[in-house]
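Everything on this sheet refers to the single structure shown next.
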Ligand code: NI
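In my numbering, the protein residues as written are 945 to 1085.
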């Protein structure tokens, strides 16, 4: 028997509704098991990103609520401290509330991870996805 701890968390109602829909579709019998799996996924993803080393090319996609001017300013400020890493940024207005930004990056994997984490941890950023590849010339034929 594994040791268990009980925690209590606050979630926006809509987020929880959406989560419950997804876990019902996926056939989870209880919310706790689904949350445990989601946490395991989160940890695995973090470990994968942390293990990256060397030169990489890729993109960081983020979705955020553009009604927060403070958030928009913060995201821009963060990007301005990584000009050696960022090749280009593409901005798309998704709907009335949301913007998507695709940030093309090239450089040290650790720096790319650091930038991704800084963007992801801002309040109001709803989704972050990092995709990285080794630069083209190093892919075996
Ligand atoms: Ni926009």
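Every residue, glycine too, gets a C-beta built ideally from N, C-alpha and C.
Here the structure is a predicted model, which is why all the values come from computation and not from measurement.
Under the criterion of a Cβ to heavy atom distance below 7 Å, does residue 1013 qualify as lining ligand 1? Position 69 of the chain shown, counted from the start, is the residue given in the question as residue 1013. Not so, every heavy atom of ligand 1 lies at least 7 Å from the Cβ.
Counting by C-beta, which residues lie closer than 6 Å to a heavy atom of ligand 1, in chain order? Going by the Cβ distance cut-off, the answer is 1010, 1035, 1037 and 1043.
In three-state terms, what does DSSP make of residue 997? Taking the first residue of the chain shown as position 1, residue 997 is located at position 53. Note: residue 997 maps to coil in three-state DSSP.
Taking 8 Å as the cut-off, decide whether the C-beta atoms of residue 1015 and residue 1008 are in contact. Along the chain shown, one-based indexing puts residue 1015 at 71. Along the chain shown, one-based indexing puts residue 1008 at 64. Yes, Cβ-Cβ distance for residue 1015 and residue 1008 is below 8 Å.
Whether residue 1097 touches residue 1019 by CB criterion (8 Å): Only positions 945 to 1085 of the chain appear in the structure, and residue 1097 is not among them; the question remains open.
Simplified DSSP assignment, three categories, for residue 949: As a working mapping, residue 949 is identified with position 5 in the chain shown. Here residue 949 carries a coil assignment [DSSP, helix/strand/coil].
Taking residue 1031 as the reference, which of 960, 1040, 947 and 1004 has the closest Cα? Along the chain shown, read from residue 1 onward, the residue named residue 1031 stands at position 87. It is 1004.
Distance, Cα to Cα, residue 1060 vs residue 1017? Indexing the chain shown from 1 puts residue 1060 at position 116. Indexing the chain shown from 1 puts residue 1017 at position 73. Taking the straight line joining both Cα atoms gives about 16 Å.
What residue range does the beta strand (DSSP E) around residue 1074 cover? The sequence position of residue 1074 within the chain shown is 130, counting from 1. Annotation for residue 1074: the continuous beta strand (DSSP E) segment containing it runs 1069-1077.
Can you give me the start and stop residues for the alpha helix (DSSP H) that residue 1041 sits inside? Locating residue 1041 in the chain shown gives position 97, counting from the first residue. Run containing residue 1041: none; DSSP gives neither H nor E here.
Sorted by chain position, which residues of the same chain lie with C-beta nearer than 8 Å to residue 996's C-beta, five sequence neighbours on each side aside? For the purposes of this step, residue 996 is taken as the residue at position 52 of the chain shown. Correct list, in chain order: 1053, 1054, 1056, 1057 and 1076.
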